[in-house]
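Numbering (our numbering), first residue to last: 3 to 199. We put the CB at the ideal spot given by N, CA and C, even for glycine. So the structure is just underneath, and the comments pick up after that.
Written as structure tokens, this is what we have:
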């Protein structure tokens with residue numbers, strides 16, 4: 003009985019470890035384990051992203067329009083609850099980077115039919131793999147992830163940097179990040195023509 007119990011326990015633990023390893027396999031060293039089913043890496047196909055964003059509670063009622071253009075995923079903000087912070091839109095980008103399968107080359111932040119900014123799948127996935135939401139003390143510091151996102155963000159379609167070059171200074175780069183989000187990204191993507199409800 004004890005041997006059977008130990009065998010079962012060992013098998014269960016082995017399967018659990020294997021499941022966690024498989025979950026973060028595409029993340030490599032960037033993987034931060036989640037604790038909830040919705041944290042599963044590569045769990046949403048690009049074709050089902052619209053449905054995911056329409057129904058996931060973590061999206062906080064923000065309405066997005068997802069469009070597939072060739073290998074690109076375009077993300078447009080359609081309407082935004084007035085009591086939700088602007089950072090919630092960035093959180094959605096992190097979530098996409100974690101859960102969406104590698105079926106796209108870049109995410110384009112769009113305003114209707116006009117692409118504004120872009121981030122490659124590789125860069126976004128590296129950021130998303132570190133993002134764990136809804137659980138205290140899990141995942142990478144969101145401020146660090148915001149810096150990484152700002153550093154990787156490019157204008158569409160030129161590919162030029164959006165933010166000034168980072169200096170390696172924690173305070174300096176954090177200041178660049180905040181200025182870029184507040185003065186460039188939010189006005190040109192989030193607030194350009196979006197309906198605030």
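Check whether residue i and residue j have beta carbons under 8 Å apart
i: residue 204; j: residue 99; result: Outside the shown range of the chain, which is 3 to 199, sits residue 204, and nothing can be said about it.
i: residue 67; j: residue 118; result: no
i: residue 194; j: residue 82; result: no
Per-residue DSSP class, three states only, for residue i
i: residue 106; result: coil
i: residue 58; result: coil
i: residue 163; result: strand
i: residue 119; result: strand
i: residue 157; result: strand
i: residue 112; result: strand
i: residue 137; result: coil
i: residue 186; result: helix
Other residues of its chain near residue i: CB distance less than 6 Å, five sequence neighbours each side excluded
i: residue 69; result: 76
i: residue 120; result: 108, 110, 156, 158
Beta-bridge pairing of residue i - partner residues as DSSP gives them
i: residue 79; result: 66
Cβ shell of residue i (< 7 Å), same chain only, five flanking positions each side left out
i: residue 24; result: Low per-residue confidence applies at residue 24: pLDDT is 46, beneath 50, and the placement is therefore not dependable, though the value from the model is reported in the following sentence. Closer than 7 Å at Cβ, skipping near neighbours: no residue.
Is there contact here, the region 105-113 with the region 132-140, by at least three beta-carbon pairs under 8 Å?
no
Measuring CB atoms only, is the region 25-44 touching the region 138-147, in the sense that at least three cross pairs come out at less than 8 Å?
yes
The region 163-180 / the region 85-101 touching (three or more Cβ pairs under 8 Å)
no
Tell me whether the region 44-56 and the region 93-107 touch, counting them as touching only if at least three CB pairs, one residue from each stretch, are closer than 8 Å.
yes
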